[in-house]
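Here the structure comes first, spelled out in structure tokens, and everything after it is commentary.
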Amino acid sequence: MLKNYKSIGAMCGSSCDGIDFSFIETDGVHQIKTKFNKFYKFDNKFIDKLKTMKSLIKNINDLNTKKKQKDFINLELEFSNLASNFCLDFVRNYNINYDIFGIHGFTIFHSVKNKISYQLSNPKIIQNVLKKKIIYNFRSNDLQNGGQGAPLASIYHFKILDQNLKYDGILNIGGISNCTYKKEKKYFSTDLGPGNCLMDQWAKIFFNENYDKNGILSSQGKVDSILANNFLERFEFLNNTNSSYDTNDFSLSEFRGLSKYNGLKTLVFISAQLILDFCKQNELRNILICGGGRKNVTLMKLLGRIATSIDKINLDGDFIESQAFAFLSVRSFLKKNISFPETTGVKSPSTGGDCIDY
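First residue of the sequence shown? That's 1 in the numbering used here, and the numbers climb one at a time after it.
Right, dumping it as structure tokens:
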């Protein structure tokens, strides 16, 4: 019988509005018991700092330069202290005793070409506070071995699908949409393209909102079919060479001539159509939706009958990714594979996640 580990996973998504925390017990293979989840929100000033820093880093040279500068160092320190204090509160709140803490910080830069994915967080600072085993840097080994570095939650999605056989895929709509799906009795995963990232940017610029809550704003607009189709045709060409994406891969520039409501509705339509096209190509008829996008009523209406919120099967769709990284943290500690040729395109099944032992 395999040993069970108590693991906390912390995930900061591309929306950078805060950090999701999940506590699970798992042997890293079969047994997974989800215990507690909680979201810790950043204040708007810190969110703006994160978004500004990401906007300044367009390439590997920018990253290497910025990492040496005081504003970057201070931001990473602030992020690490916040993550540590959030974790301490999470542990106190639920009276948790745990073995492992896995942290997926805010993605500042992700480049398959340069084989690098940099998540903001300093694990040594975090360990000094928590005094536990820290797992971090989940994507690098995959990238170094020919993978795309994403998506990584796939193996956790496999477990959910194995227990819910009527569904043929799990789609996470975060900043980037990614899907884990069954085809010919095998599992595959891939990024699809922009999920919430362009919508969130538009909501911030034109409505001074961090996102389109419940899809209320976009519901008041109309789709510009010409711009939408131009984007989708160009993206289809891009998608022939890419299977993982960063939010910086996409721009609002071509949509800025639209009214604020029509622009937002057009961006929602694009995110939905990318998903619908993918499902049609792969003959997916019944998919579970997790991530923040499932709360956008306008988006879910466009997806129609093929889409079911994962909450309908009594799983909290806000915390699937943080639960996944709690699971991946245990697998990383045990030196078990976390990415596969069918999920990231890595040459062979690959371990991942660096460990600072305690």
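Cβ atoms here follow ideal geometry from the backbone N, Cα and C, with glycine treated the same way. For clarity, every value in this text was computed on a predicted model and none was experimentally measured.
The beta-carbon distance between G195 and G291, rounded to whole angstroms, is 7 Å. This is short enough to meet the 8 Å contact definition. Residue burial annotation: E321 is buried, with at least 16 other C-beta atoms found within 10 angstroms of its C-beta. Taking a contact to require three or more Cβ pairs closer than 8 Å, the stretch 50–57 and the stretch 225–236 do not qualify as touching. Here L284 is not near C355, since their CB atoms are 9 Å or more apart. Distance from the Cα of S177 is smallest, within the candidate group F36, I270, K265, N214, for I270. For I100, the pairing in a beta bridge is given by DSSP as S7, K133. Remark: fewer than three beta-carbon pairs, one from each stretch, lie closer than 8 Å, so the stretch 299–309 and the stretch 72–88 are not flagged as touching.
Taking 3 residues as the minimum length, the beta strand (DSSP E) runs contained wholly in the stretch 9–62 are 18–26, 32–41, in order along the chain. In this structure, the straight-line span from the alpha carbon of I205 to that of I275 is close to 25 Å.
Per DSSP, the continuous beta strand (DSSP E) segment holding G169 begins and ends at 169–173. Membership of F90 in the alpha helix (DSSP H) is indicated by the continuous run 70–94.
Take the alpha-carbon of K41 and the one of E184: they are about 41 Å apart. Taking a 10 Å sphere around the C-beta of R256, we find fewer than 16 other C-beta atoms and assign the residue as exposed. For the pair A10 and F101, the CB atoms are nearer than the 9 Å cut-off. Taking a contact to require three or more Cβ pairs closer than 8 Å, the stretch 14–28 and the stretch 329–336 qualify as touching. Contact check for A324 and A153: beta-carbon distance about 4 Å, within the 8 Å limit, so the pair qualifies. For the 9 Å CB-CB criterion, D212 and D200 form a contact. For G193, the uninterrupted beta strand (DSSP E) segment begins and ends at 186–194.
In the structure shown, I338 falls within a coil segment according to DSSP collapsed to helix, strand and coil.
Within the same chain, N214 come within 7 Å of K295 by CB-CB distance, once the 5 residues on both sides are set aside.
In the DSSP secondary-structure assignment, N145 is not bridged to any residue.
Beta-bridge partners assigned by DSSP to I289: L171, S309. The alpha helix (DSSP H) runs lying completely inside the stretch 209–269 and spanning 4 residues or more are 225–238, given in chain order.
In this structure, the CA atom of F250 is about 23 Å from the CA atom of I19. If you check the CB distance, S14 and T190 do not come in under 9 Å.
In this structure, G353 sits near N141, with a CB-CB distance shorter than 9 Å. The C-beta distance from Y181 to G193 rounds to 15 Å, too long to fall under 8 Å, and the pair is not in contact. A Cβ-Cβ distance of about 25 Å is found for the pair Q69 and V112, leaving them out of contact under the 8 Å criterion. Residues A10, I19, I103, S121, I126 of the same chain have their beta carbon placed closer than 7 Å to that of A83, with the five preceding and five following residues left out of the count.
Comparing C-alpha distances from N145 to each of H30, H157, C16, N114 shows the shortest one belongs to N114. Here D99 is near K132, since their CB atoms are less than 9 Å apart. Under the DSSP assignment, F109 falls outside any alpha helix (DSSP H), being part of the beta strand (DSSP E) whose first and last residues are 106–111. Separation of Y136 and P123 (C-alpha to C-alpha, rounded to the nearest whole angstrom) is 7 Å. Distance from the CA of L264 to the CA of N128, rounded to the nearest whole angstrom, comes to 44 Å. Annotated as proximal: L288 and L171, with beta-carbon spacing under 9 Å.
About 28 Å separates the beta carbon of F109 from that of K38, a gap too long to meet the 8 Å contact definition.
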